[in-house]
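Have a look at the structure below before the remarks.
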DNA sequence: TGTAATTTAGTGCTCGAGCACAGTTGTATA
DNA sequence: TATACAACTGTGCTCGAGCACTAAATTACA
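Protein chains in written order, with this note's numbering: chain A, 893 to 1263; chain B, 893 to 1263.
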């Protein structure tokens, strides 16, 4: 008979797990719990002797406040502004807003007055005007879902002057000093998309990239980075695929079908399309209605429309960037910074989920995880 | 100038968000909060008239208990047993145990006496003996990480007789009636692995499968399902790849290198290896030390060793099955069932994460998500 | 040295669900 | 009608962090 083990571990939480409370620290330091609280939250009005005694105890013990009790006993009031591109149902930005809302629900005792300002992400003038309005407002903090570089830098400068903390979601902007950002690594994202698309098409096959055209001839920050990652992968791996660009107009959507049909007329063989924004479903639908088959597709974002196309087999790989998680942690981080003066991790890169028609049914967005 | 919008939404939580408390329901129904509590937790000792009045109010309002308050005001005591294959550091089962522990931390006020029994997953006798010990114990509930079908069915029968609820993690066993299970859909998992491996190798290329040999000639439940999914994919898509089996012995590990070298001697061209258990790193290391290059690999589980091999580029795709999530929700579900008599969703399939060397650095296991 | 101003420390209330215990009905039986 | 016993219901305490309010100690200054 073989050797075998049978480990028996007794974890009796009533004995072990003696969790340290604020009052325990107070007793150890020979002060009252009020004083401990003042030291831990930097509220001042504490003598040096008391402060040092408490700090010594804090070094020794590993105090972790009971988050549940914290959440119910808060009484603060804050005014927070959120600005992002416009929100449409089932789409990317809605998920970010959902995440933000969930964070507020977690701290339901905190009175937060939330103001949401949206702008047209394809129109720099809309963004500029919205940002000007925001700059004039009173607030305790700001969450920014940025698109245009220059405008965002300007807004951030004003916030810096007024010493108002701000956090980025979706992507971070250079030359600003945010409290933190929550975003995907867009460069790696593009790099990975290149790897995925080239793995499922023949060498030297053509690849078309679908890209939005913006007012003022400027692309969104994230798209630029993704494209850089994409081309860098091809270069690094000595891929000789021909890259075609498909323009995509938001202001004149009637032109888009034309762009596509022009492409498919001029190029006989387009075995692969990569969409660096969340409009993958648009091309998937075009291909389906025009009975164009055998085109491999790698697209971004788990929007309702994209998921549908993935399940139908029109899209091969869909990349998710956890928008609910981004929104949730942006707001959570902000609140904990404002309330508890908690130290903040500045750079926060979210997961890049790879979804296929096989594993999409098991995908849990952050909503499911939380409740 | 283009049209653009600037939506301003005021979400003032002090006005809106009037959250309904237990005492509000009591007032509406004209009873005391104690009675409402009794109705909601099915504790009995309530007159029909009071019960009906409260149930009517509950239908109208959308009451959600404040989870934070719930967590701090519990006073129950429970004895729970966990049985899984042996745990080794950085490996699959450790993650499941971590998840279980985290759930206990979330309900730190509940006094849980936890007993862990592990068995050798490659030795049916070890399992049998461990299960016999467990069957004799007193407990309020049981969490099972099963391997052997027959033995598990026997244990479950005894639990059914004693009316002790049990939950499966990792995989569910047929002919049992668990309270719930948390596992990946192993069939789909194998199916997806077949899709991934065939997408990165030439048609008709050979594929080797690495499989453990068990005492009593029986494979683990999950591995059987994965293999079924794997072969079904190949059949369905008319793949003509030749499938080779590599045996893998745990009892005589010195034989494994021999098995591998024998394979690579007999077959000149093995461009792909699929590992349906979490030992992918073992083959990756063999290939590396023997300077065998160009072999594509798809493996299971985000163990420390596998992640290392993925980052080095030895493994191409690694499939994760959220072990922390499984453990966490198994214990959480159990506690909420015992304490609150909460209704339980029986079938719970976890996410199948696809990891590559590009997105592995951003992967958050459940530990990170929670804290 | 006495009084006001200021700093520092401590006490006690808040949040809401859970739950033990006391208190109040109603019904049955001597 | 008195008493026992059940069935039911309401009251009040618990958990621990936050924070307001009060009390005490210290300093400032006439």
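Quick reminder that beta carbons are idealized off the backbone N, C-alpha and C, glycines included.
These figures come from a predicted structure and were not determined experimentally.
Do residue i and residue j have their C-beta atoms closer together than 8 Å?
i               : j               : result
residue 1190(A) : residue 1088(A) : yes
residue 983(A)  : residue 1220(A) : no
residue 1169(A) : residue 1192(A) : yes
residue 991(B)  : residue 1216(B) : yes
residue 1001(B) : residue 964(B)  : yes
residue 1138(B) : residue 1117(B) : no
residue 931(A)  : residue 918(A)  : no
residue 1076(B) : residue 1241(B) : yes
residue 1140(A) : residue 1104(A) : yes
residue 1202(A) : residue 1249(A) : yes
residue 955(B)  : residue 915(B)  : no
residue 1231(A) : residue 968(A)  : yes
residue 1211(B) : residue 1166(B) : no
residue 1225(A) : residue 1059(A) : yes
residue 1257(A) : residue 987(A)  : yes
residue 1040(B) : residue 1026(B) : no
residue 1072(B) : residue 1238(B) : yes
residue 1121(B) : residue 1078(B) : yes
residue 1152(B) : residue 1178(B) : yes
residue 1004(A) : residue 989(A)  : no
residue 1090(A) : residue 1048(A) : no
So residue i packs on residue j, CB below 8 Å; how close in whole Å?
i               : j               : result
residue 1197(B) : residue 1173(B) : 4 Å
residue 1098(A) : residue 1162(A) : 5 Å
residue 1063(B) : residue 1113(B) : 5 Å
residue 934(A)  : residue 1233(A) : 6 Å
residue 923(B)  : residue 944(B)  : That belief does not hold up - the Cβ atoms of residue 923(B) and residue 944(B) are roughly 11 Å apart, past 8 Å.
residue 921(A)  : residue 949(A)  : 5 Å
residue 1045(B) : residue 1222(B) : Going by Cβ atoms, the distance from residue 1045(B) to residue 1222(B) rounds to 19 Å, so no, they are not a contact pair.
residue 1176(A) : residue 1207(A) : 6 Å
What would DSSP say about residue i, mapped onto helix, strand or coil?
i               : result
residue 1136(A) : strand
residue 1218(A) : helix
residue 1109(B) : Low confidence applies to residue 1109(B): its pLDDT is 48, below 50, so where it sits in the model is not reliable, and the reading given next is rough at best. In the structure shown, residue 1109(B) sits in a helix (DSSP, three-state: H, G or I).
residue 1210(B) : strand
residue 912(A)  : coil
residue 1149(A) : helix
residue 1256(A) : coil
residue 896(A)  : Here residue 896(A) scores only 39 on pLDDT, less than 50, and its place in the model is too uncertain to base an answer on.
residue 1238(A) : coil
residue 1196(B) : helix
residue 1058(A) : strand
residue 1075(A) : strand
residue 1005(B) : strand
residue 1250(B) : coil
residue 1164(A) : strand
residue 1191(B) : strand
residue 1023(B) : helix
residue 1118(B) : helix
residue 1034(B) : strand
residue 1040(B) : coil
residue 1245(A) : strand
residue 1143(A) : coil
residue 1011(B) : strand
Compute every distance between the C-beta of residue i and the non-hydrogen atoms of the ligand FAD, then say whether any falls below 7 Å.
i               : result
residue 1174(A) : Of the ligands one can find in the structure shown there are none, so the ligand FAD has no counterpart to examine.
Review point. When Cβ atoms are compared, which residues of the segment 1064-1084 of chain A fall closer than 8 Å to chain B?
Key: Cβ proximity to chain B below 8 Å picks out 1076, 1077, 1080, 1083 and 1084 from the segment 1064-1084 of chain A.
Review point. For the segment 958-969 of chain A, which residues have a beta carbon sitting closer than 9 Å to at least one beta carbon of chain B?
Key: Answer set for the segment 958-969 of chain A: 958, 959, 960, 961, 962, 963, 964 and 969.
Review point. Between the segment 1004-1015 of chain B and the segment 1071-1088 of chain B, do three or more beta carbon pairs fall short of 8 Å?
Key: Contact between the segment 1004-1015 of chain B and the segment 1071-1088 of chain B is absent, because fewer than three Cβ pairs lie under 8 Å.
Check your understanding: In the segment 923-951 of chain A, which residues sit with their C-beta less than 8 Å from some C-beta in chain B, listed in chain order?
Key -> Of all residues in the segment 923-951 of chain A, none comes within less than 8 Å of chain B when Cβ atoms are compared.
Review point. Below 8 Å, can you find three or more Cβ-Cβ pairs linking the segment 1023-1041 of chain A to the segment 967-975 of chain A?
Key: Enough Cβ pairs lie closer than 8 Å, so yes.
Review point. Which residues, in order along the segment 1230-1241 of chain B, keep a beta-carbon less than 9 Å from a beta-carbon of chain A?
Key: Correct list: 1241.
Review point. Any contact of the segment 1015-1024 of chain A with the segment 1244-1256 of chain A, i.e. 3+ C-beta pairs under 8 Å?
Key: Touching, no, given that fewer than three Cβ pairs across the two stretches are closer than 8 Å.
Exercise for review: Residues of the segment 1038-1052 of chain A with a CB closer than 9 Å to any CB of chain B: list them in chain order, please.
Suggested key: Cβ contacts with chain B come from no residue of the segment 1038-1052 of chain A.
Review point. Listed from N- to C-terminal order along the chain, which residues in the segment 1086-1107 of chain A have their beta-carbon within a distance smaller than 9 Å of any beta-carbon of chain B?
Key: Answer set for the segment 1086-1107 of chain A: 1087, 1088, 1091, 1092 and 1107.
Point to revise | Residues from the segment 1123-1153 of chain A in contact with chain B, defined by Cβ distance under 8 Å | key: Within the segment 1123-1153 of chain A, the residues whose Cβ lies closer than 8 Å to some Cβ of chain B are 1143, listed in chain order.
Practice item. Check distances from the C-beta atoms of the segment 1187-1203 of chain A to those of chain B and list, in chain order, the residues that come in under 8 Å. Key: Per Cβ criterion, the list is empty.
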